[in-house]
């Protein structure tokens, strides 16, 4: 694997840390600014929505510059947003800092996926994409727990300061290691937009929203669920998130490996199993050991869908994949925002802290149905294409008016 993938993975590590570390620090941030936990939760929702808006916006703005230059600009935005969060005097400023950092997220992974796929042979593309996303998953094993620990012991502002430094390392890595890939000639914004007329691209994105939404419905409320229902101490939440992260690392690498061999079967298995495991979590959440195992499985199954879904979008939007790739990263975060909101609603409605798991199970099951539909449509189109092919050389009849 080329060294440039390492630079992309470092950037991904920083972005992953800032996205997820806030969940472990919500009580501290809420306490410091004197806001409620649901209000502090806006730092999660605001970030996710910033990714959704920022992914297409930054990618469109970036169509005029080389992909390497654009990746560097995005890391600059990421650094600025985290510095702003670190020094925020009031909650509103911190929220702005989160949104500024989030604008870099979708386009970084979107453009980064395209660059990663271009650096390797065609049969290794999903593996290369998975390699970049390894930075994001390792962030959950190392960056998030360390960031949470530092935030709880020294102060959450220090955590965001350190994340900004990670951004600087990523920026330098990209400047030094990522080759100048010339922009594909003759690909215009309208070509990038045309990808969205393809039903398969839209179906893949809908699978992304629902499938990954299933994961986030449960994981957003992991702290109250584990302390109130499973009976863990507050300090245990950190290592439970490490288990989730370890699951993500494994799932991501397995997903990348098998997506290059059998993409749709990989999606059926991971989405189907995810729906089952999330439904079971409503029961296993009452037992410490069972809950810990379930959390690792949710991470593994959730992230096993990421390389295949990202590759499916790249495959279906061939010719002009950059915008579709970035929007699909936005779709992951739209799923995060939607499911965090739905999970909060069922808790607020009095269904208890395990209720978001049911929301997650239903979302994952819906994603599986879409995967089956997508494959059925593809088979139909292939048959139609094959049926038309033998007659292709014949000249079309002149139209009679």
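Residue numbers (my numbering): 7 to 407. C-beta atoms are modelled at their ideal positions from N, C-alpha and C, and glycine is treated no differently.
- Counting C-beta pairs closer than 8 Å gives three or more between the stretch 244 to 259 and the stretch 131 to 142, which meets the contact rule.
- Non-local beta-carbon contacts of residue 230 in its own chain, meaning distances under 6 Å to residues more than five positions away in sequence, involve 359 in chain order.
- When only Cα atoms are considered, residue 198 and residue 355 end up about 42 Å apart.
- The beta-carbon distance between residue 337 and residue 184, rounded to whole angstroms, is 25 Å. This is too long to meet the 8 Å contact definition.
- Annotation: the stretch 291 to 336 contains the following complete segments of the alpha helix (DSSP H) (minimum length 4 residues), in chain order: 294 to 310, 312 to 322.
- Look at residue 197 here: in three-state DSSP terms it is helix.
- In the displayed model, residue 53 falls within a helix according to three-state DSSP.
- Taking C-beta atoms under 8 Å as the contact rule, residue 20 and residue 335 fail to qualify, at a distance of about 15 Å.
- Taking the C-beta atoms as reference points, residue 315 is found no nearer than 7 Å to residue 377.
- With respect to the 7 Å criterion, residue 241 and residue 305 are not classified as neighbours on the basis of their beta carbons.
- Remark: C-beta atoms of residue 167 and residue 86 do not approach each other more closely than 7 Å.
- Residue state for residue 374 is assigned as helix, using DSSP reduced to three classes.
- Look at the beta carbons and you see the stretch 319 to 335 not touching the stretch 35 to 44: under three pairs across the two are nearer than 8 Å.
- With 16 or more other Cβ atoms inside 10 Å of its own Cβ, residue 318 counts as buried.
- In terms of CA proximity to residue 78, 176 leads the group 349, 176, 95.
- Cβ-Cβ distances below 6 Å link residue 238 to 232 in the same chain, with the five nearest sequence neighbours on each side left out; the list follows chain order.
- Residue 156 and residue 97 have their alpha carbons spaced roughly 20 Å apart.
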